[in-house]
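K.L.:
Protein chains in written order, with my numbering: chain A, 5 to 228; chain B, 5 to 467; chain C, 520 to 882.
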Amino acid sequence: MALLELDGVSRVYEDLKALDGVSIAVEKGEWIAIMGPSGSGKSTLMNIVGCMDQPTGGRVLLDGRDISKVRGRELTEIRRSRIGLIFQQFHLIGYLNALENVMVAQYYHSMTDEKEAMAALERVGLAKRARHLPSQLSGGEQQRLCIARALINYPEIILADEPTGNLDGSNEEIVMELLHEMHRDGRTVIVVTHSPKVADHAQRVIVLEHGRLVDDRRNTERRE
Amino acid sequence: MLFRMVKKSILNQKERMLIIALTVALGVSLITALLDVMLDIGDRMNRELKVYGANILVTPRGATLLKSWYRIGDEGEDGGNEEIFAASDAKGPQEPASTDERSASGGPAGGDGSKDRADPGMYLKESELGRIKTIFWAFNIVDFAPYLKSRVASEDGTPLTFVGTWFRHRLVLPTMEEVDTGMVSLKSWWQLEGAWPEAGDQVALGRALAGRLGLAPGSALTLDGRRFAVSGVFEAGGPEDGWIYGELDALQELKGLEDALDSVEISALTTPDNELSRRAAEDPSSLSVKEMETWYCTAYASSICYQLEEVLSGAMARPVRQVAAAEGAILEKTKLLMVLVTVLTAASSALGISNLVTAGVIERSAEIALMKAIGAHGRQVAIPVIASILVSALAGTAVGYGLGVWFASVIGKTVFNAVIEPQLAVIPAVLALVALICLTGSIGAIRMLLSLQPAQVLHGGRQ
Amino acid sequence: MKRSAFFWHMVLSSVIRRRARLLTALLAVGIGAAMLYGLAVLSYDVPKQMGREFRSYGANLIVAGDMKDDAIYLKILHLAPKDALVGAARMKLLPSRLREHPVTLTAADFDELRKTSPYWDVKGEYPAGDDEMLLGRSLASAFNLASGDRATLVGADGSEREFRISGIVQTGGREDELVFVRLQENSGYDIIECSLSLDLAGLERLAGEIRGLDPRLSPHIVKRLASSEAKVLGRLRYLVWIVSLVAAALTMVSVSTTMMASVAERRKEIGLRKALGASGRHVMTEFMAEAALLGLLGGALGVGAGQALAHYVSMSVFARGAGFQPVFALATVLAAVLVTIVACIRPVRRAAAVDPAVVLRGE
């Protein structure tokens with residue numbers, strides 16, 4: 005059984021069809037890149053998988069359980085325990101320092117554990133910057149902080165929306181390397197991107213256009 | 005382009021602009037209401053203070069002193085004045101008279117008319133009373149009542165004090181206007197059982213006298229051989245409790261004193277005394293022409309007295325200092341209090357609005373930095389921002405003014421049972437204040453933002 | 520760090536590290552609280568202070584009786600509530616003759632009389648020595664006497680005494696026809712004029728107590744003053760309360776609009792927190808705690824500022840400071856906390872109800 009299965013998922017915003025009958029099955033431990041031009045429905049797909057939005061049609065199965073009809077508190081529960089999110093705009097809390105930003109995720113999940121949060125920062129190379137506020141960090145550092153935050157609760161699925169969209173080449177490499185590390189640990193990684201370079205790291209590439217699935221292929225020349 | 009930018013910026017910041025408009029509306033309504041109340045408070049309180057009774061007393065110029073001598077001389081035989089103290093005062097009736105009268109100086113002045121019947125100069129003329137409402141400050145005369153006091157004999161020959169007055173009287177003025185006036189509204193603290201006399205053959209008795217004579221509303225008594233019905237018994241808390249009150253005409257007829265009065269009590273809205281009025285009261289001829297004009301055209305108790313003396317022949321008008329001075333002190337305090345409360349409230353409302361405006365500008369820091377980055381001058385950046393704030397503030401002011409006028413009328417109605425007229429002067433004052441607040445609030449913030457480097461503001465993560 | 524400790528750490532960080540932004544909200548809450556507290560103190564204080572001003576209408580309780588020594592005077596002073604007593608003047612009335620005309624000579628306690636009858640207008644001086652007298656204006660003009668002149672008074676027993684006229688008194692009332700001299704110590708007196716800032720009920724209670732002191736004493740309440748004062752003071756109290764109520768209500772509404780704006784500004788942060796796994800309740804609790812902290816801080820600052828305002832107003836109008844009112848202070852802080860919390864409920868709930876994706880998208 006696939007870890008995550010989308011079965012004819014549609015999402016309609018008023019009169020706009022953002023997703024139109026998309027079916028994908030994601031196995032545990034897979035690394036998938038979702039590609040497509042702007043407005044193709046990639047972000048909508050990511051939001052649905054990330055439990056931040058709900059489909060208007062079709063089913064979303066997580067471990068065989070249909071979560072497309074789950075709402076409110078329960079959905080929050082699923083998001084909190086199984087999914088780690090990484091955003092293009094980082095979305096850090098400005099008045100909390102790096103360490104505290106990681107601890108916020110712990111706090112909502114279960115318990116806060118400073119040592120563990122520190123270890124997560126160390127892993128992304130930010131141990132020395134733990135007491136800095138986001139505004140004092142560079143873009144690359146902010147994104148690494150986001151990754152540390154996404155990792156902290158050991159989610160099964162890492163969901164990254166254009167994680168390198170705001171970064172330069174060298175920072176992009178660091179971030180991709182961190183994603184590889186997470187993948188090696190056995191996590192399922194889903195990256196939404198329009199950069200072929202980023203997509204090259206994935207094992208499987210899915211292409212959307214106008215809300216429809218137009219391509220689903222194995223990446224034969226995967227960069228490690 | 006400017007118009008478009010302003011429109012867009014208002015629509016874009018819809019919520020913020022709405023909140024600015026709302027806060028301005030609240031602040032303006034508060035300021036408007038308080039200003040309207042403040043500008044009217046003197047007049048309102050002045051009217052409230054009328055419950056203390058007359059603040060001007062008019063007596064015949066020639067008679068005042070002579071009569072008071074007779075009154076003092078009479079006291080040995082006139083037990084009527086001292087009822088309230090006599091009961092327990094071991095000293096006897098003659099001495100405390102002056103003090104008990106002092107404590108109730110609102111009572112009719114002048115003494116026993118019967119002694120001076122022969123001399124018409126001892127009296128004021130009833131037929132001239134209408135002239136009171138023709139003086140410069142006629143509008144400020146709230147109420148007045150004439151008095152004639154005389155000694156009458158009861159059936160068994162006991163001398164009693166009879167005061168003739170107007171209770172509720174409709175007076176037709178030379179201008180054909182009609183005025184309702186009389187003693188009843190001047191003596192708000194008197195407690196009446198029964199009714200005030202309405203006809204010449206009715207009288208009201210002071211409680212002490214009624215008790216002594218064993219009379220109650222409904223009974224009758226004979227005075228100077230004429231029968232009167234007791235319509236009511238009153239309690240004044242002063243020497244009047246030992247007197248009989250009846251219609252003025254009835255007493256004039258009884259005593260053959262046609263048209264005669266020995267005092268008039270007047271309740272007038274006055275301006276608290278100042279240096280000028282005190283000097284004028286001393287000697288009006290010491291003033292320069294200009295000072296005289298100012299004094300004459302200000303509603304000081306002394307200038308009203310002067311004008312009364314001009315129209316009433318042989319009259320001497322004096323302010324009753326006990327009422328006039330205290331009134332002045334209380335009015336000044338109340339006004340000052342309202343002014344301070346209004347100013348402080350306006351200041352804190354202003355601070356609140358300017359605080360919000362500043363926050364609204366700071367919220368747009370990124371936009372302002374961007375405009376500067378793409379090459380706009382300080383003024384080009386500032387004008388659309390300020391204009392959009394001013395437009396919302398103006399909308400708020402319009403709503404707030406209407407609301408404020410309504411608040412003022414509610415306050416007027418609930419507190420004073422009177423309408424508080426909106427003052428036109430408040431509108432420009434409020435508009436100027438709002439403009440000033442918005443400009444200082446926004447210009448300061450924009451200056452601050454413009455002094456920053458655009459890159460500093462645009463760098464992400466700045467909260 | 521414990522989980523609950525981290526909660527407070529987060530809330531405090533938001534308050535401390537966002538201080539520039541928070542200043543707006545803090546200022547708004549502070550101004551609101553200052554208005555609320557300041558006006559409450561004034562509403563409470565003004566009628567009391569004004570009550571004292573009404574004493575310029577003169578004595579409102581007259582005690583008559585044959586009093587030989589100061590024992591009764593002292594007892595009455597003791598009976599009267601200390602902070603209500605403005606003055607109590609003893610007087611003795613002596614029938615006399617001035618140039619063959621009967622006049623009432625009033626021996627009075629001038630220090631106290633000036634307190635009970637502040638409306639007297641004296642040209643010249645109050646008598647300083649026992650051989651000086653104050654003459655009523657009507658008498659002065661009738662006999663053509665002026666300050667500095669000498670006049671002889673003949674007592675009821677025929678004894679003659681010469682006085683120097685130290686001043687002329689003018690009131691527009693009975694005093695204009697009286698003569699005043701200093702009251703001799705231990706000479707007895709028959710009237711005490713008391714000026715008390717008490718309402719009618721208070722005066723009646725005191726009158727009853729005085730009657731209980733000695734049945735021969737007869738205390739009289741000057742009804743005219745007591746009942747008029749009750750009317751006017753009632754109006755004034757009502758006015759101050761209603762003005763304060765309107766002002767406080769409007770200020771509180773604008774505090775809540777400012778709070779709403781400052782929460783609406785943070786919609787993105789609320790979305791992020793939700794994306795990280797916060798439930799609606801989590802977000803609500805955090806923001807409410809923050810609002811409570813803000814209300815507490817702003818309320819406390821406001822009470823300080825409000826006390827200063829009320830004191831300033833009271834000083835300038837009544838030349839007497841306004842006391843600190845702990846109950847009002849507490850109520851003000853509570854109201855500030857309540858208003859900030861209530862004001863942020865709606866915007867937080869609205870932000871929390873929206874799917875985080877919608878908030879996080881774009882820009």
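Using N, Cα and C, we set each Cβ at its ideal position, and we do this for glycine too.
Please name the residue in B:316, B:275 and B:45 whose C-alpha comes closest to that of residue 306 of chain B.
P.N.:
For the purposes of this step, residue 306 of chain B is identified with residue 302 of the second sequence, where counting begins at 1. With distances taken between Cα atoms, residue 306 of chain B lies closest to B:275.
K.L.:
Which same chain residues, not among the five before or five after residue 178 of chain B, have their C-beta less than 8 angstroms away from its C-beta?
P.N.:
Here the question's residue 178 of chain B lines up with position 174 in the second sequence. So the list reads 134, 135 and 138, once near-sequence residues are dropped.
K.L.:
Cutting at 6 angstroms between CB atoms, please list the residues of its own chain near residue 107 of chain B, excluding the five before and the five after it.
P.N.:
The sequence position of residue 107 of chain B within the second sequence is 103, counting from 1. Because residue 107 of chain B sits at a pLDDT of 39, beneath the cut-off of 50, its placement in the model cannot be relied upon, and the following sentence gives the value as read from the coordinates. Cβ within range, chain order: n/a, list empty.
K.L.:
If you scan the segment 135–204 of chain A from start to end, which runs of the beta strand (DSSP E) of 3 or more residues do you find wholly inside it?
P.N.:
Whole beta strand (DSSP E) segments, 3+ residues: 161–165 and 192–196.
K.L.:
Which word fits residue 873 of chain C, buried or exposed, when buried means at least 16 other C-beta atoms lie within 10 angstroms of its C-beta?
P.N.:
Counting from one through the third sequence, the residue named residue 873 of chain C turns up at place 354. Residue 873 of chain C is exposed by the Cβ-count criterion.
K.L.:
Determine the direct distance from the alpha carbon of residue 182 of chain B to that of residue 264 of chain B, and round the result to whole angstroms.
P.N.:
Counting from one through the second sequence, the residue named residue 264 of chain B turns up at place 260. Counting from one through the second sequence, the residue named residue 182 of chain B turns up at place 178. Going from the Cα of residue 264 of chain B to the Cα of residue 182 of chain B covers about 22 angstroms.
K.L.:
Are there three or more Cβ pairs, one per stretch, closer than 8 angstroms when the segment 810–830 of chain C is compared with the segment 552–572 of chain C?
P.N.:
The segment 810–830 of chain C, when compared against the segment 552–572 of chain C, does touch it at the 8 angstroms Cβ threshold.
K.L.:
Quick check: is the beta carbon of residue 640 of chain C nearer than 8 angstroms to any beta carbon in chain B?
P.N.:
Numbered from its first residue, the third sequence carries residue 640 of chain C at position 121. For residue 640 of chain C, the answer is yes, since a Cβ of chain B falls inside 8 angstroms of its Cβ.
K.L.:
Could you tell me which chain C residues have their CB closer than 8 angstroms to the CB of residue 108 of chain A, listed as they occur along the chain?
P.N.:
Position 104 of the first sequence, counted from the start, is the residue given in the question as residue 108 of chain A. Per Cβ cutoff of 8 angstroms: 529, 792 and 795.
K.L.:
Can you tell me which of the three DSSP states residue 266 of chain B falls into?
P.N.:
Taking the first residue of the second sequence as position 1, residue 266 of chain B is located at position 262. If DSSP states are grouped into helix, strand and coil, residue 266 of chain B belongs with coil.
K.L.:
In terms of DSSP beta bridges, what is residue 147 of chain B paired with?
P.N.:
Start at 1 with the first residue of the second sequence, and residue 147 of chain B comes out as number 143. Answer by DSSP bridge pairing, in chain order: B:271.
K.L.:
Is there a Cβ of chain B sitting closer than 8 angstroms to that of residue 779 of chain C, yes or no?
P.N.:
What you label residue 779 of chain C is simply residue 260 of the third sequence in a count that begins at 1. Yes, residue 779 of chain C counts as interfacial toward chain B.
K.L.:
Taking residue 875 of chain C as the query, report the chain A residues whose CB atoms sit under 7 angstroms from its CB, ordered along the chain.
P.N.:
Taking the third sequence and counting its residues from 1, one reaches residue 875 of chain C at position 356. In chain order: 56.
K.L.:
With distances taken Cα to Cα, identify the nearest neighbour of residue 346 of chain B among B:152, B:420 and B:412.
P.N.:
Counted from its first residue, the second sequence places residue 346 of chain B at position 342. Of B:152, B:420 and B:412, the residue nearest in Cα terms is B:412.
K.L.:
Compare the C-alpha of residue 522 of chain C against each of A:23, A:97 and A:104 and name the closest.
P.N.:
The residue given as residue 522 of chain C occupies position 3 in the third sequence. Comparing Cα positions, the closest option is A:104.
K.L.:
For the candidate residues B:30, B:21 and B:41, whose alpha-carbon lies nearest to that of residue 430 of chain B?
P.N.:
The residue given as residue 430 of chain B occupies position 426 in the second sequence. For the residues B:30, B:21 and B:41, the minimum Cα distance to residue 430 of chain B belongs to B:41.
K.L.:
Distance cutoff 8 angstroms, beta carbons only. Does residue 801 of chain C sit that close to anything in chain A?
P.N.:
For this step, residue 801 of chain C is matched to residue 282 along the third sequence. By this cut-off, residue 801 of chain C is an interface position.
K.L.:
When you compare the CB of residue 334 of chain B with every CB in chain C, is at least one pair closer than 8 angstroms?
P.N.:
Here the question's residue 334 of chain B lines up with position 330 in the second sequence. Yes, its Cβ sits closer than 8 angstroms to a Cβ of chain C.
K.L.:
Which residue or residues does DSSP assign as beta-bridge partners of residue 19 of chain A?
P.N.:
Locating residue 19 of chain A in the first sequence gives position 15, counting from the first residue. None; residue 19 of chain A has no bridge partner.
K.L.:
So what does residue 738 of chain C bridge to, in DSSP terms?
P.N.:
In the third sequence, counting from the first residue as 1, residue 738 of chain C sits at position 219. DSSP lists C:582 as partners of residue 738 of chain C.
K.L.:
Measure the Cβ-Cβ separation of residue 638 of chain C and residue 329 of chain B and say whether it is below 8 angstroms.
P.N.:
For the purposes of this step, residue 638 of chain C is identified with residue 119 of the third sequence, where counting begins at 1. For the purposes of this step, residue 329 of chain B is identified with residue 325 of the second sequence, where counting begins at 1. Yes; because the gap between Cβ atoms is below 8 angstroms, this pair is in contact.
K.L.:
Between the beta-carbon of residue 624 of chain C and the beta-carbon of residue 632 of chain C, is there less than 8 angstroms?
P.N.:
The residue you call residue 624 of chain C lines up with position 105 of the third sequence. The residue you call residue 632 of chain C lines up with position 113 of the third sequence. Not in contact: residue 624 of chain C and residue 632 of chain C (Cβ atoms no closer than 8 angstroms).
K.L.:
Determine whether the beta carbon atoms of residue 603 of chain C and residue 717 of chain C lie at a separation below 8 angstroms.
P.N.:
The residue you call residue 603 of chain C lines up with position 84 of the third sequence. The residue you call residue 717 of chain C lines up with position 198 of the third sequence. A contact, by the Cβ cut-off of 8 angstroms.
K.L.:
Just curious, the alpha helix (DSSP H) that residue 435 of chain B is in, first and last residue?
P.N.:
Stepping through the second sequence from its first residue, residue 435 of chain B is reached at position 431. Per DSSP, residue 435 of chain B belongs to the alpha helix (DSSP H) from 430–455.
K.L.:
Evaluate the contact criterion for the segment 378–385 of chain B versus the segment 24–39 of chain B: three or more CB pairs, one atom per stretch, below 8 angstroms.
P.N.:
Flag = no, the segment 378–385 of chain B and the segment 24–39 of chain B do not touch.
K.L.:
Going along chain C, which residues have a C-beta under 7 angstroms from residue 323 of chain B?
P.N.:
As a position in the second sequence, residue 323 of chain B is number 319, starting the count at 1. Those within 7 angstroms of residue 323 of chain B in chain C are 691.
K.L.:
Taking the alpha-carbon positions, what's the residue 597 of chain C to residue 630 of chain C distance?
P.N.:
As a working note, residue 597 of chain C is residue 78 in the third sequence. As a working note, residue 630 of chain C is residue 111 in the third sequence. Cα to Cα, the separation comes out at about 18 angstroms.
K.L.:
Let me check one thing: in DSSP terms, what residues is residue 64 of chain B bridge-paired to?
P.N.:
As a working note, residue 64 of chain B is residue 60 in the second sequence. DSSP, once it has assigned bridges, lists B:319 as partnering residue 64 of chain B.
K.L.:
If you measure between the beta carbons of residue 889 of chain C and residue 55 of chain B, is that distance less than 8 angstroms?
P.N.:
Any answer about residue 889 of chain C is impossible in this case: the structure gives chain C only from 520 up to 882.
K.L.:
Taking only beta-carbon positions, decide if residue 522 of chain C is within less than 8 angstroms of chain A.
P.N.:
As a position in the third sequence, residue 522 of chain C is number 3, starting the count at 1. Taking Cβ atoms only, chain A reaches closer than 8 angstroms to residue 522 of chain C, which makes this a yes.
K.L.:
Strictly below 9 angstroms CB to CB, what residues from chain B border residue 595 of chain C?
P.N.:
Numbered from its first residue, the third sequence carries residue 595 of chain C at position 76. Within chain B, no residue comes near residue 595 of chain C; the closest Cβ sits about 15 angstroms away, beyond 9 angstroms.
K.L.:
Unbroken alpha helix (DSSP H) runs of length 4 or more, entirely within the segment 652–676 of chain C: which are they?
P.N.:
Qualifying alpha helix (DSSP H) stretches, in chain order: 656–662.
K.L.:
What's the call for residue 116 of chain A, buried or exposed, on a 16-neighbour Cβ count within 10 Å?
P.N.:
By 1-based counting over the first sequence, the position of residue 116 of chain A is 112. Buried.
K.L.:
Would you list the residues sitting across from residue 684 of chain C in a DSSP beta bridge?
P.N.:
Position 165 of the third sequence holds residue 684 of chain C. Answer is C:652.
K.L.:
Give me whichever residues DSSP pairs with residue 713 of chain C in a beta bridge.
P.N.:
In the third sequence, residue 713 of chain C corresponds to position 194, counting from 1. Note: residue 713 of chain C sits in a beta bridge opposite C:580 and C:607.
K.L.:
Alpha carbon to alpha carbon, how far is residue 262 of chain B from residue 586 of chain C? Give it in angstroms, no decimals.
P.N.:
For the purposes of this step, residue 586 of chain C is taken as the residue at position 67 of the third sequence. For the purposes of this step, residue 262 of chain B is taken as the residue at position 258 of the second sequence. Looking at the two C-alpha atoms, the distance is approximately 47 angstroms.
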